[in-house]
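Worksheet: one structure, shown below.
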Amino acid sequence: MNFDLSEEQKLFQQTINEFATKELKPGAGQRDKNGEFPRQEIQKLQQMGLFGLIFPPEYGGGGRDFITYVVAVEELAKADASVAITLLAHTLCAGHINAFGSEQQKQDHLTPLASGEKLGAWALTEPGAGSDAGGITTSAVPDGNEWRLTGNKFFITNGSQADTLVVMASSDAPKGSGGISAFVIAGDTPGLTKGKNLEKLGFRSSDTVGLMLKDVRVPQAGLLGELNRGFSQAMQILASGRIGVAAMAIGITQACLDESIAYAQKRQAFGHLIAEFQAIQWMLADMATELDAARLLVQRAAWLKDQGKSYVREASMAKLYASECATRSALKAIQIHGGYGYTRAFPVERYLREAKLCEIGEGTSEVQRMLIARELLKSVQGS
């Protein structure tokens, strides 16, 4: 088996790495401190075609494979994970339209998203419906040739910045998750109120808000795919989204390792570089080994998606392992840096704050274990 990237992918990786190192990394800490959305940096990435990387060229996209996409996410996350998660949320929105939208919806909404003209957001989570995504209460009521959407969404990445949103709402409440539909709406639609960026532990410069919908009118043409099929659509989109989160976690882990190696080769204690101490070496070895394992899990899941094969279990495995690996590595990085690691003088404290979200977003670690077990039992029962 060949685990090497193609020459084209390596060149692409180098290009993104150079951009991230020069344009993103220097200001990442200050943006995090100020809670400043990286608007200019995002616009540059849109102009580079990164926000349409995996979408069809006929809709303004780059037509690249998913492995190339996870390479991009990893390189961005190494420098500034808030930029990476902005791309992930945009991709959920555009990906939903690409997978389930009509030709007209793709022309109207996917094209400006994939071409870099507009930014997208994906609104599923609610104040009382996080892991229990099927428990959403935002309602979609038919009204003549329109739908009226009313309810509240929460933890919506890109929510206040988005030009286009995909919103899940209950169109047939008695059916529970079987009565949820997906709608595409413009970010300036009357009745849609956007909250302020939440004060978060990490990802402070990413845009994460609550959305209030009060009689938001959506034309019939705004319904994405079949009526009452929104939940199953969302689960498919989340599966690919988990690969993206796992790639982001790998980027954070790589940053932890890089910073730790650099520090260990400069910091002296007891008359020696701390890189000479076995205790430090073992932490570095563990970080590197887990990083390689996580990256292979992500590449497998991305490869399966590219091949059109089932990847639900593999995506959850990659997301579970990579996210928990990132947290463990960030803790080791802080330990290696000692007291300095507990200050803003070095970025490893930010990496820990960012790593933790990877265990929560796109389904918690507990949800991933449940999904993995379900797929395992399903395969045994079917044999």
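In this text, residue positions in the sequence shown follow this note's numbering: the first is 1195, and each later residue adds one. Glycine included, C-beta positions come from ideal geometry on N, C-alpha and C.
Beta strand (DSSP E) containing residue i: first to last residue?
i: residue 1362; result: 1358-1364
i: residue 1558; result: From DSSP, residue 1558 is part of no beta strand (DSSP E); its letter is neither H nor E.
i: residue 1376; result: 1374-1380
i: residue 1349; result: 1340-1351
So, helix, strand or coil for residue i, using DSSP?
i: residue 1425; result: helix
i: residue 1461; result: coil
i: residue 1442; result: helix
i: residue 1297; result: helix
i: residue 1228; result: helix
i: residue 1496; result: helix
i: residue 1334; result: strand
i: residue 1323; result: strand
i: residue 1413; result: strand
i: residue 1244; result: helix
i: residue 1467; result: strand
i: residue 1199; result: coil
Kindly indicate which residue of the options has the alpha-carbon position closest to the one of residue i.
i: residue 1248; options: 1242, 1369, 1263; result: 1263
i: residue 1360; options: 1289, 1388, 1328, 1490; result: 1289
i: residue 1325; options: 1562, 1573, 1571, 1566; result: 1562
i: residue 1379; options: 1340, 1348, 1395; result: 1340
i: residue 1330; options: 1308, 1522, 1304, 1376; result: 1376
i: residue 1458; options: 1442, 1208, 1492, 1477; result: 1477
i: residue 1407; options: 1399, 1383, 1398, 1397; result: 1383
i: residue 1560; options: 1354, 1543, 1514; result: 1514
i: residue 1252; options: 1261, 1302, 1229; result: 1302
i: residue 1314; options: 1240, 1474, 1479; result: 1240
i: residue 1321; options: 1311, 1312, 1332; result: 1332
i: residue 1219; options: 1546, 1274, 1236, 1319; result: 1274
i: residue 1544; options: 1564, 1565, 1450, 1472; result: 1450
i: residue 1570; options: 1528, 1511, 1552; result: 1511
i: residue 1523; options: 1546, 1374, 1355, 1575; result: 1546
i: residue 1486; options: 1309, 1453, 1441; result: 1441
i: residue 1425; options: 1533, 1362, 1255, 1394; result: 1362
i: residue 1211; options: 1272, 1250, 1254, 1369; result: 1272
i: residue 1535; options: 1475, 1454, 1462, 1484; result: 1454
i: residue 1347; options: 1368, 1254, 1386, 1284; result: 1386
CA-CA distance, residue i and residue j?
i: residue 1157; j: residue 1411; result: Any property of residue 1157 remains undetermined from this structure, which presents the chain solely from 1195 to 1577.
i: residue 1530; j: residue 1421; result: 54 Å
i: residue 1438; j: residue 1366; result: 31 Å
i: residue 1392; j: residue 1225; result: 15 Å
i: residue 1307; j: residue 1509; result: 25 Å
i: residue 1520; j: residue 1196; result: 25 Å
i: residue 1460; j: residue 1498; result: 42 Å
i: residue 1502; j: residue 1430; result: 13 Å
i: residue 1245; j: residue 1257; result: 11 Å
i: residue 1504; j: residue 1555; result: 22 Å
i: residue 1198; j: residue 1265; result: 12 Å
i: residue 1200; j: residue 1207; result: 10 Å
i: residue 1466; j: residue 1228; result: 38 Å
i: residue 1350; j: residue 1222; result: 21 Å
i: residue 1541; j: residue 1488; result: 22 Å
i: residue 1213; j: residue 1238; result: 10 Å
i: residue 1232; j: residue 1277; result: 7 Å
i: residue 1183; j: residue 1482; result: Residue 1183 lies beyond the range of the chain shown here (1195 to 1577); nothing can be said about it.
i: residue 1400; j: residue 1568; result: 33 Å
i: residue 1432; j: residue 1286; result: 8 Å
i: residue 1506; j: residue 1494; result: 12 Å
i: residue 1496; j: residue 1364; result: 31 Å
i: residue 1644; j: residue 1470; result: Since the first and last residues shown for the chain are 1195 and 1577, residue 1644 lies out of range.
i: residue 1573; j: residue 1565; result: 12 Å
i: residue 1230; j: residue 1338; result: 42 Å
i: residue 1553; j: residue 1444; result: 12 Å
i: residue 1491; j: residue 1261; result: 12 Å
i: residue 1464; j: residue 1472; result: 14 Å
i: residue 1428; j: residue 1528; result: 37 Å
i: residue 1579; j: residue 1390; result: Because the chain in this structure spans residues 1195 to 1577, residue 1579 falls outside the shown range and cannot be described.
i: residue 1526; j: residue 1394; result: 23 Å
i: residue 1548; j: residue 1517; result: 10 Å
i: residue 1480; j: residue 1404; result: 39 Å
i: residue 1215; j: residue 1356; result: 26 Å
Where do the ends of the alpha helix (DSSP H) carrying residue i lie?
i: residue 1215; result: Here residue 1215 belongs to no alpha helix (DSSP H), and DSSP marks it neither H nor E.
i: residue 1623; result: Absent from the structure is residue 1623, since the part of the chain shown begins at 1195 and ends at 1577.
i: residue 1260; result: 1260-1273
i: residue 1303; result: Premise fails: residue 1303 is in no alpha helix (DSSP H) and is neither H nor E.
i: residue 1521; result: 1506-1531
Identify every run of the beta strand (DSSP E) within the region 1380-1409, keeping only runs that are complete inside it and at least 3 residues long; order them along the chain.
-> 1386-1388
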